[in-house]
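Asks: Before we start, here is the structure in question, set down as structure tokens.
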Amino acid sequence: MSTEVTRNRVSGPAIRVQGIEKSFKDLHVLRGVDFEVAAGSIFALLGSNGAGKTTMVKILSTLLKADAGTATVNGFDVAAKPGDVRESISLTGQFAAVDEVLTGRENLVLIAKLRHLTDPGAIADGLLAQFTLTDAGSRKVATYSGGMRRRLDIAMSLIGNPPVIFLDEPTTGLDPQARIEVWQTVKRLAGQGTTVLLTTQYLDEAEQLADRIAILHKGTIIQNGTLAELKQLLPPAKVEYVEKQPSLEDVFLALVGDTGETGTADDDPTNTADADRSAGPVPVRKEVR
Amino acid sequence: MTTHVLGDTRVLTSRSLRHILRSPDTIITTAVTPIALMLLFVYVFGGAINTGSDQSYINYMLPGILLITIASGIAYTAYRLFLDMQGGIFERFQSMPIARSSVLWAHVLTSLAANLVSVALVIGVALLMGFRTGASVTAWFAVAGVLILFTLALTWIAVIAGLSAKTVDGASAFSYPLIFLPFISSAFAPTDSMPGPVAWFAENQPVTSIVNTIRALFAQEPVGSDIWVALAWLVGLLAVGYAFAIAIYRRKIS
Ligand SMILES: Nc1ncnc2c1ncn2[C@@H]1O[C@H](COP(=O)(O)OP(=O)(O)O)[C@@H](O)[C@H]1O
Ligand SMILES: [Mg+2]
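Taken in sequence, the protein lines are chains A and B. Here numbering that gives the first Met the number 0 is used: the first residue of the first sequence is 0, the next is one more, and so on. Here numbering that gives the first Met the number 0 is used: the first residue of the second sequence is 0, the next is one more, and so on.
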């Protein structure tokens, strides 16, 4: 199979998920998930820790098999045509998938070779420059900071220009600076026509990046729409008490009806430059590690 | 996709060989214990062991030492595979359009290369300690063939451990019994000096026939039926280990 295949954009949605179910033993993680992602758009799958976001991404990237339902990526069924799906996608998993022993450049060359591209060295150098890693390129990844690792991780996913990219919690654990860098990269990707499905626990991240936002809760998509559409869902009565525009967080809490343990004390000292919209990332639920 | 098996395996093998070159201590650690055993047995216990043959004790025990070297070396194979699966890199490979078996084969070939280097190191020290053989080139090839088969058989068992382990320690713990197997064999003392049930076990476990075969090849003596028993064990273990490893791998990645 040549890399040309990946360029053949199939008409229709880039990702179509219908009735996907998945259980681990008697834990029913996904109970009939449906959504579509338009080609070239950024789609955010928003959900608290343990909602099943990673499970959904693993099914779409052929790492896990669904118990029921169908899913297509770039027009290919994930169960029937996993090889074609893998030609069409790139996965940036929840935890950076880089080789610590190799240098940054060697990591990029490795992936370029595995994607059977010509001139892996030039591809690596181009990406190092694009992600401001040129100086660190000859150092072992073990010496990199979390932000550098994540940047390298995403750079590795861009090799071969796959039409669909999955980013599973791309900014969890990053400092504010690195977080903004990742956001800029994602926006640039979508500008180039790449379809991006990202998962996040951070409401402001979804607000910042996504064309459409779907909320995954208790195994199903309980809402799916643009930011404006989701904001309209808030009961009007609430508006009288709140002088500012309702944030997506309010929408989420109203929909989920779960106000108990939502972080007011923000243990992640992240703060975004974009202060007019939100003061910082608000975890839907505090992450326990 | 399958057309890429060789190319992908080559790329991934050079990756894990690079891991070893960057931490050569794994090869040295693998060789240190067997070398220490060799020193201990030759200079401390060796004089007290009656091998019933007229060869020097180092000539007598080297085959067993080589098997111990390999048995401890494959623990690192399981360890490296386990670390790959723990980090996200394994899933990255699995989500890419590469030949999926190449991920395992890269670890297997790396294991073979690393163990052969460790074995060469141990043989080098043995030569310094007085090991001598007049073995022909053919006999040396036969010894290499037996050692390669032994490494491959144990490597596939290590792959099973690496794929199914839950902790780093679990990934390498499986090798301890394998390291001790040579002690209850003809590797260090003749089996007829052992008490009944122990002697029975020693005579019927794979290490004894493998040790006897290598010893005979080094001593330019006829290998007799031992080589066939050894080959049957090796091919059998290899086939079973490979089949189980592949089955576990399939279940993991599907
Ligand atoms: N391989 C697995 N075996 C058993 N349970 C799992 C497995 N993977 C995930 N889970 C469980 O499924 C639920 C959803 O996990 P996950 O998809 O990782 O959630 P998220 O990414 O939204 O935080 C969690 O309760 C998690 O513990
Ligand atoms: Mg997750």
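Note that the Cβ used here is the ideal one computed from N, Cα and C, for glycine as well. Predicted model, so just to flag it, every value in this text is computed and none were measured.
For chain A, find out if any of its Cβ atoms is closer than 9 Å to the Cβ of Ser94/B; answer yes or no.
Replies: Looking up residue 94/B in the second sequence gives position 95. Yes, Ser94/B lies at the interface with chain A (some Cβ there is under 9 Å from its Cβ).
Asks: Count the other CB atoms, across all protein chains shown, that sit within 10 Å of the CB of Phe251/A; report buried if there are 16 or more and exposed otherwise.
Replies: Position 252 of the first sequence, counted from the first residue, corresponds to residue 251/A. Phe251/A comes out buried.
Asks: Closer than 8 Å, Cβ to any Cβ of chain B: which residues of the segment 69-88 of chain A, in chain order?
Replies: Flagged, chain order: Gly82, Arg85, Glu86 and Ile88.
Asks: According to the neighbour-count rule (16 or more other Cβ atoms, all chains shown, within 10 Å of its Cβ), is Tyr90/B buried or exposed?
Replies: Along the second sequence, read from residue 1 onward, the residue named residue 90/B stands at position 91. The sequence given here has Glu at residue 90/B, not Tyr. That one is buried.
Asks: Using a Cβ-Cβ cutoff of 8 Å, what residues of the segment 94-107 of chain A are near chain B? List them in chain order.
Replies: Phe94, Ala95, Ala96, Val97, Asp98, Glu99, Val100, Leu101 and Glu105
Asks: Under 9 Å between C-beta atoms, does Met155/A make it to chain B?
Replies: As a position in the first sequence, residue 155/A is number 156, starting the count at 1. Closer than 9 Å to some Cβ of chain B, the Cβ of Met155/A qualifies, so yes.
Asks: Using a beta-carbon distance cut-off of less than 7 Å, what residues from the segment 7-34 of chain A approach chain B?
Replies: none
Asks: Could you give the distance in angstroms between the alpha-carbon of Gly172/A and the alpha-carbon of Leu254/A?
Replies: Start at 1 with the first residue of the first sequence, and residue 172/A comes out as number 173. Start at 1 with the first residue of the first sequence, and residue 254/A comes out as number 255. Roughly 26 Å between the two C-alpha positions.
Asks: Taking 6 Å as the limit, tell me which residues put their C-beta closer than that to any heavy atom of ligand 1, in chain order.
Replies: Those residues whose C-beta sits under 6 Å from the nearest heavy atom of ligand 1 are, from N- to C-terminal order along the chain, Phe23/A, Leu26/A, Val28/A, Gly46/A, Asn48/A, Gly49/A, Ala50/A, Gly51/A, Lys52/A, Thr53/A and Thr54/A.
Asks: Less than 8 Å separating the Cβ of Lys93/A from some heavy atom of ligand 2?
Replies: The residue labelled residue 93/A in the question sits at position 94 within the first sequence. Before going on, a small fix: residue 93/A reads as Gln here, not Lys. Gln93/A: yes, Cβ under 8 Å from ligand 2.
Asks: If we define contact as Cβ-Cβ less than 9 Å, is Ala144/A a contact residue for chain B?
Replies: Mapped onto the first sequence, residue 144/A falls at position 145. Checking the sequence shown, residue 144/A turns out to be Ser, not Ala. Chain B, which has no Cβ nearer than 9 Å to the Cβ of Ser144/A, makes this no.
Asks: Please classify Asp24/B: does DSSP put it in a helix, a strand, or coil?
Replies: Taking the first residue of the second sequence as position 1, residue 24/B is located at position 25. Helix.
Asks: Report the neighbours of His106/B on chain A: residues whose CB is nearer than 9 Å to its CB, in chain order.
Replies: Taking the second sequence and counting its residues from 1, the one referred to as residue 106/B is at position 107. Neighbours of His106/B on chain A: none; closest Cβ ~14 Å, over 9 Å.
Asks: Check whether the segment 57-75 of chain A touches the segment 131-146 of chain A, taking contact to mean three or more Cβ pairs, one atom from each stretch, closer than 8 Å.
Replies: Because the criterion of three Cβ pairs below 8 Å is not met, the segment 57-75 of chain A and the segment 131-146 of chain A do not touch.
Asks: Enumerate in chain order the residues of its own chain whose CB-to-CB distance from Leu120/B is below 6 Å, with the five nearest sequence positions on each side excluded.
Replies: One-based indexing of the second sequence puts residue 120/B at position 121. Hits under 6 Å: Ala30.
Asks: At a cut-off of 8 Å, is Asp24/B close to ligand 2 when judged by its beta-carbon and the heavy atoms of the ligand?
Replies: Taking the first residue of the second sequence as 1, we reach residue 24/B at position 25. No - ligand 2 has no heavy atom lying nearer than 8 Å to the Cβ of Asp24/B.
Asks: With DSSP as the reference, please indicate the residues paired to Lys139/A in a beta bridge.
Replies: As a position in the first sequence, residue 139/A is number 140, starting the count at 1. DSSP lists Thr102/A as the beta-bridge partner residues of Lys139/A.
Asks: When the distance is taken between beta carbons, is Ile41/A closer than 9 Å to Thr91/A?
Replies: For the purposes of this step, residue 91/A is taken as the residue at position 92 of the first sequence. For the purposes of this step, residue 41/A is taken as the residue at position 42 of the first sequence. No, the Cβ-Cβ distance between Thr91/A and Ile41/A is not below 9 Å.
Asks: Flag this pair as yes or no: are the beta carbons of Ile19/B and Ala112/B separated by less than 9 Å?
Replies: For the purposes of this step, residue 19/B is taken as the residue at position 20 of the second sequence. For the purposes of this step, residue 112/B is taken as the residue at position 113 of the second sequence. Going by C-beta atoms, Ile19/B is nearer than 9 Å to Ala112/B.
Asks: Quick check on the DSSP output: the alpha helix (DSSP H) that includes Arg91/B runs from which residue to which?
Replies: Start at 1 with the first residue of the second sequence, and residue 91/B comes out as number 92. Run containing Arg91/B: Ile88 to Gln93, per the alpha helix (DSSP H) assignment.
Asks: Please look up how many angstroms separate the CB atoms of Ala43/A and Ala227/A, rounded, as I've assumed it's under 8 Å.
Replies: Looking up residue 43/A in the first sequence gives position 44. Looking up residue 227/A in the first sequence gives position 228. 14 Å between Cβ atoms; not a contact.
Asks: Please state the DSSP three-state secondary structure of Leu127/A.
Replies: What you label residue 127/A is simply residue 128 of the first sequence in a count that begins at 1. Three-state result, Leu127/A: helix.
Asks: Nearer than 8 Å: is that true of the beta carbon of Thr198/A relative to any heavy atom of ligand 2?
Replies: The sequence position of residue 198/A within the first sequence is 199, counting from 1. Checking the Cβ of Thr198/A against ligand 2 gives yes.
Asks: Ser60/A touches chain B at which residues, Cβ-Cβ below 7 Å?
Replies: As a position in the first sequence, residue 60/A is number 61, starting the count at 1. In chain order: Ser94.
Asks: Assuming Ile14/A contacts Leu29/A (C-beta within less than 8 Å), just tell me the rounded distance between them.
Replies: Taking the first residue of the first sequence as position 1, residue 14/A is located at position 15. Taking the first residue of the first sequence as position 1, residue 29/A is located at position 30. About 15 Å; that fails the 8 Å criterion.
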